[in-house]
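Residue numbers (our numbering): 478 to 852.
All C-beta atoms in this analysis are idealised placements derived from N, C-alpha and C, irrespective of residue type, glycine included.
Written below as structure tokens is the structure these notes are about.
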Amino acid sequence: KILIGIVVMQICAVGAAWIIGAAGAKKLAVLTTTLSIVVLFAIGVAAYLKYGRRTLFFVIGWLGILCASIIMTLVHWGGVDVSRAQSLDVMRVSMVFDALMLGLASVVSVVDIQRDREKLSHERMAAMRTNLKLHNRLGRLEQKYHLAQTVAERTNQRLVDTTHDLRQPLYALRASLSEIGGGENTSPRATEIEQSLAYMEELVEAVFDKAMEEGEIASPPDSDGAEILRADKLFASLLTMFRADAEKNGVDLRVVPSSAFVRVAPFPALRILSNFVANAIRYAPGARIRIGARRRGGRISFEVHDTGPGLDEVELDLVKERFRRGETAAGDDAGSGLGLSIVDALAKENRLEWSIKSRKGRGTVATLFVPIAES
Numbered sequence: 478k479i480l481i482g483i484v485v486m487q488i489c490a491v492g493a494a495w496i497i498g499a500a501g502a503k504k505l506a507v508l509t510t511t512l513s514i515v516v517l518f519a520i521g522v523a524a525y526l527k528y529g530r531r532t533l534f535f536v537i538g539w540l541g542i543l544c545a546s547i548i549m550t551l552v553h554w555g556g557v558d559v560s561r562a563q564s565l566d567v568m569r570v571s572m573v574f575d576a577l578m579l580g581l582a583s584v585v586s587v588v589d590i591q592r593d594r595e596k597l598s599h600e601r602m603a604a605m606r607t608n609l610k611l612h613n614r615l616g617r618l619e620q621k622y623h624l625a626q627t628v629a630e631r632t633n634q635r636l637v638d639t640t641h642d643l644r645q646p647l648y649a650l651r652a653s654l655s656e657i658g659g660g661e662n663t664s665p666r667a668t669e670i671e672q673s674l675a676y677m678e679e680l681v682e683a684v685f686d687k688a689m690e691e692g693e694i695a696s697p698p699d700s701d702g703a704e705i706l707r708a709d710k711l712f713a714s715l716l717t718m719f720r721a722d723a724e725k726n727g728v729d730l731r732v733v734p735s736s737a738f739v740r741v742a743p744f745p746a747l748r749i750l751s752n753f754v755a756n757a758i759r760y761a762p763g764a765r766i767r768i769g770a771r772r773r774g775g776r777i778s779f780e781v782h783d784t785g786p787g788l789d790e791v792e793l794d795l796v797k798e799r800f801r802r803g804e805t806a807a808g809d810d811a812g813s814g815l816g817l818s819i820v821d822a823l824a825k826e827n828r829l830e831w832s833i834k835s836r837k838g839r840g841t842v843a844t845l846f847v848p849i850a851e852s
């Protein structure tokens with residue numbers, strides 16, 4: 478609006494020549510020009526006060542123009558005697574000075590722009606470093622989250638496996654207590670109860686030991702807990718644990734005596750064999766079950782034979798999966814489909830091998846291979 482007003486004022490000054498003549502119009506134009514320059518100089522000062530150094534040289538340039546304009550006003554309106562050549566020199570000097578200031582202002586603008594770019598570049602680099610740190614932190618948090626999720630899954634799996642393996646000692650206790658209540662001799666039954674309780678205590682203790690391992694994923698200990706023991710010791714524990722349950726289900730459970738000595742961690746081996754026997758009793762009611770040992774090269778194979786209905790190849794592959802059972806177990810509410818998956822996990826943890834073979838209508842043989850003890 479100010480510029481439009483200045484333009485209109487100058488047009489009016491030129492148009493006044495038709496009224497006051499050329500000389501009067503010239504004097505009026507000089508005066509209006511000076512007024513316009515004063516207004517523009519005032520705007521420049523205001524811009525300098527607001528934006529700072531960037532407008533300084535523009536203001537100085539306008540100051541030179543203002544000085545020349547004031548001199549010309551004094552010549553035309555104040556009666557100052559200045560020759561035409563001198564007035565033109567004043568105009569030339571003011572224009573050169575203004576051009577110089579304009580050049581300096583351009584240089585300052587370029588320098589300021591370069592500084593702004595460098596500042597922006599530094600800010601971007603700082604932002605990138607901050608984003609990189611945040612990204613790294615996020616990555617570490619994601620790793621910790623997945624680790625925590627894995628630990629939770631493994632802990633849950635161990636709890637489920639432990640609950641599964643606690644069933645059989647509880648069944649043995651229940652059956653033994655029932656017979657004690659029936660008036661039988663309590664001394665042998667008290668021994669059976671004590672053995673079952675010891676088994677459960679060791680089972681719970683093992684869970685606590687596993688939970689205390691760093692991150693639930695610690696490397697296997699240097700010592701595998703292996704002991705040298707006689708096979709009959711394991712067989713006696715199995716017979717004690719499952720005798721009452723076998724009688725309840727009409728199963729003929731017998732142990733073939735063995736004098737073999739093996740080197741194995743007794744507790745994992747007992748858990749594996751317990752799952753073999755529990756499956757045989759559960760899925761082969763009324764059948765014969767034999768527990769024995771055979772020497773096979775440098776190893777002893779603990780074998781659990783049953784004369785139950787057996788499994789075909791498809792069912793055999795199926796029952797090895799977690800929470801899956803064969804068709805013969807479809808109507809059995811006690812089974813959870815965990816037994817063989819627990820066997821597989823225990824065998825891997827203790828560097829043992831196991832196998833299961835079955836024929837439809839001919840029964841099943843579950844085998845655990847353990848190292849024979851050095852003499």
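Below 8 angstroms on the Cβ atoms is my contact criterion, and I expect residue i with residue j to pass it. Report the Cβ-Cβ distance as a whole number of Å.
i    : j    : result
A843 : V781 : 5 angstroms
V847 : V741 : 4 angstroms
D729 : A761 : Rounded, the Cβ-Cβ distance is 10 angstroms, inconsistent with contact.
G521 : D575 : Not a contact, Cβ separation roughly 12 angstroms.
V733 : G769 : 3 angstroms
I567 : A545 : Looking at the sequence provided, one finds Val at residue 567 rather than Ile. Correct: roughly 5 angstroms between the Cβ atoms.
Residue i bridges to which residues according to DSSP?
i    : result
A562 : Beta-bridge pairing links A562 to no other residue.
W831 : L845
E704 : V741
H782 : R767 and V842
L730 : I766
Q776 : In the sequence under discussion, the amino acid at residue 776 is Arg, which differs from the Gln named in the question. In DSSP, R776 forms a bridge with R773 and P848.
R836 : G840
Could you give the distance in angstroms between the alpha-carbon of residue i and the alpha-carbon of residue j?
i    : j    : result
I766 : R720 : 11 angstroms
R530 : I547 : 26 angstroms
G616 : A703 : 41 angstroms
R772 : L845 : 12 angstroms
V507 : T550 : 6 angstroms
A695 : R828 : Because the pLDDT at A695 is just 41, under 50, the model does not fix this residue reliably, and the value given afterwards should be weighed accordingly. Cα-Cα distance, rounded: 16 angstroms.
L706 : V754 : 20 angstroms
R592 : L579 : 20 angstroms
T841 : V791 : 14 angstroms
A524 : A603 : 32 angstroms
E619 : R606 : 20 angstroms
V588 : F534 : 14 angstroms
S835 : S818 : 17 angstroms
L526 : V585 : 17 angstroms
L540 : V573 : 13 angstroms
L611 : E595 : 24 angstroms
G757 : N613 : Rather than Gly, the amino acid found at residue 757 in this sequence is Ala. Each residue's Cα considered, the two are about 53 angstroms apart.
Assuming residue i is part of the alpha helix (DSSP H), what are its boundary residues?
i    : result
L793 : E790 to V796
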